[in-house]
Amino acid sequence: GQQVMQIPQYQHVQEGEDFTTYCNSSTTLSNIQWYKQRPGGHPVFLIQLVKSGEVKKQKRLTFQFGEAKKNSSLHITATQTTDVGTYFCAQNTGNQFYFGTGTSLTVIP
Amino acid sequence: SAVISQKPSRDICQRGTSLTIQCQVDSQVTMMFWYRQQPGQSLTLIATANQGSEATYESGFVIDKFPISRPNLTFSTLTVSNMSPEDSSIYLCSVGGLAGSYEQYFGPGTRLTVT
């Protein structure tokens, strides 16, 4: 199956610092979704991006889809301890979905 | 959105046995999927559960090992057959395609340990 690469694999930040995770594909993506998985939990849908260059915001979270639709980023401003978890991007080809490798975020109080 | 339940939530099984995991959705959905997630890893798609026909399996997963049923639009089962310790993982079902969107909703998962 296909897989989208994410960097970094792990990130530790002090509470209040910003955080960014990047999702990269070698092929053009039709769309991309972002999910958050808390420790011990299941993935929860955050957002979907479809258009080239699209930017969407959810409070302190900013999601961006690259102009070439081959990459995406999730940026969190002023992290809080509630942001702890693993963030996955995901893309679909037809009715099949493939998840990125994930970025595990630790927030140090 | 959709509310998804899975049973069992966890199990410890002996090698060579089989376990069937159930996934129930509170509404009719077109797309249902089964994933495997090993500790600290990403999600790997096992198969798409198709209502009324055979499931569509991803590379590396076969029907004899992971038979899937989908008798209707709200229910599916995944069986892990002839288990070995390498099958220890979290198994998640998800649904997608609601209101024409690609977003997926996941069940709480089944944590399987094979001894």
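Residue numbers (our numbering), protein chains in the order written: chain A, 1 to 109; chain B, 110 to 224. Backbone N, C-alpha and C fix where the C-beta goes; we use that ideal spot for every residue, glycine too.
Just to confirm, are residue i and residue j a CB contact at a threshold of 8 Å?
i        : j        : result
Ser151/B : Gly102/A : yes
Val4/A   : Asn24/A  : yes
Gln9/A   : Ser104/A : yes
Gln115/B : Leu182/B : no
Asn71/A  : Tyr35/A  : no
Gln91/A  : Leu29/A  : yes
Gln48/A  : Gln33/A  : yes
I need the straight-line Cα distance from residue i to residue j, nearest angstrom please.
i        : j        : result
Gln58/A  : Thr77/A  : 11 Å
Gly1/A   : Tyr98/A  : Because Gly1/A sits at a pLDDT of 49, beneath the cut-off of 50, its placement in the model cannot be relied upon, and the point is left open.
Arg124/B : Gly94/A  : 36 Å
Gln6/A   : Cys89/A  : 8 Å
Asp173/B : Ser190/B : 7 Å
Asn31/A  : Pro39/A  : 26 Å
Gln146/B : Thr222/B : 13 Å
Near residue i, what residues of its chain come up, given a Cβ to Cβ distance below 6 Å and the 5 sequence neighbours on each side ignored?
i        : result
Met141/B : Ala158, Ser185, Val204
Pro109/A : Glu15, Thr81
Arg220/B : Arg119, Ile199
Ser127/B : Thr188, Ser190
Who are the near neighbours of residue i in its chain, counting only those whose CB is closer than 7 Å to its CB and skipping five residues on each side?
i        : result
Ser110/B : Tyr214
Which same chain residues end up closer than 8 Å to residue i when comparing Cβ atoms and leaving out the 5 residues on each side of it in sequence?
i       : result
Thr20/A : Ser73, Leu74, His75, Ile76
Validate contact between the region 124-131 of chain B and the region 185-197 of chain B using beta carbons, cut 8 Å, 3 pairs: yes
Inter-stretch contact at 8 Å, needing at least 3 Cβ pairs: the region 205-218 of chain B / the region 161-170 of chain B: no
Short-range partners of chain B found in the region 35-51 of chain A, where Cβ spacing is below 7 Å: His42, Pro43, Phe45, Gln48
Short-range partners of chain A found in the region 197-223 of chain B, where Cβ spacing is below 9 Å: Ile199, Leu201, Ser203, Gly205, Gly206, Ser210, Tyr211, Glu212, Gln213, Tyr214, Phe215, Gly216, Pro217, Gly218
Residues of the region 75-105 of chain A whose Cβ lies closer than 7 Å to any Cβ of chain B, in chain order: Phe88, Asn92, Asn95, Gln96, Phe97, Tyr98, Phe99, Gly100, Thr101, Gly102
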